[in-house]
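The next block holds one structure in the form of structure tokens; read it before the comments.
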Amino acid sequence: MGHSAGGYMGGLLCLDPTLLAKYNETAHTALRGVIGVQGIYDLNQLSVDFPSYKAWFLDFAFGTDLWRAENASPQNLTTSGPLPPWLFIHSPDDELVNLLQTTRFIDHLTSSSTNSNSSSSSSSGSRGSTCDAELCDAKLVTGVHFAGVNAIGTQADQITPLVLRFIQRLQ
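Using this note's numbering, read the sequence shown as starting at 1399 and increasing by one per residue.
Shown next as structure tokens:
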């Protein structure tokens, strides 16, 4: 489970096979499920939607080369083999990471192609594995970027019940 940049790291963990290969694992074998809360999945799109992020955040972390940010974005990565189930939680009120980050990444995961054990593929071609639409769930919450995670454990907590239901589905 990761919020914001943590959602980004979850995306990388699933779609960059080199990260788990040194442990002789894949995302499907190592992870029972992945939860992204208001995650960042496309760095270049983030800089388009929020131009002020480029200098103080993106250039600092990834340099000024757009190619580097593009290739470090889960949105642009694919992998072979099945992916674990995903739960995406996002607020349309998020002022720091827009809902487009989540919706485009869900589209990417569910339409890249079918997994390598299947003979069919999507119209976009055989680009890698997918998150089965039944295993790729999205839930909307309310509040600005940190409101949801700051409310965990309080009366206003919207995230914990969603996470618990997702975990129960995995068992």
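Note that CB positions come from ideal geometry on N, CA and C, so glycine has one too.
Treat the numbers as computed from the prediction; the structure is a model and nothing was measured.
With a 10 Å radius around its C-beta and 16 neighbouring C-beta atoms as the bar for buried, classify glutamine 1569 as buried or exposed. With fewer than 16 other CB atoms across the displayed protein chains lying within 10 angstroms of its CB, glutamine 1569 is exposed.
At the level of alpha carbons, what is the spacing between phenylalanine 1458 and methionine 1407? Answer to the nearest angstrom: the Cα atoms are 17 Å apart.
Report yes or no: do the region 1480-1496 and the region 1436-1446 share at least 3 C-beta pairs separated by less than 8 Å? yes
Which class does phenylalanine 1448 belong to by DSSP, given the choice of helix, strand or coil? In the structure shown, phenylalanine 1448 falls within a coil segment according to DSSP collapsed to helix, strand and coil.
Applying the criterion that 16 or more other CB atoms from any shown protein chain within 10 Å of the CB defines a buried residue, is glycine 1492 buried or exposed? What sits at residue 1492 in the sequence shown is aspartate, not glycine. By the neighbour-count rule (16 or more Cβ atoms within 10 Å), aspartate 1492 is buried.
Using a 10 Å radius around the Cβ and a threshold of 16 neighbouring Cβ atoms, would you call aspartate 1535 buried or exposed? buried
Could you tell me the alpha carbon to alpha carbon distance between asparagine 1422 and proline 1472, rounded to whole angstroms? 21 Å
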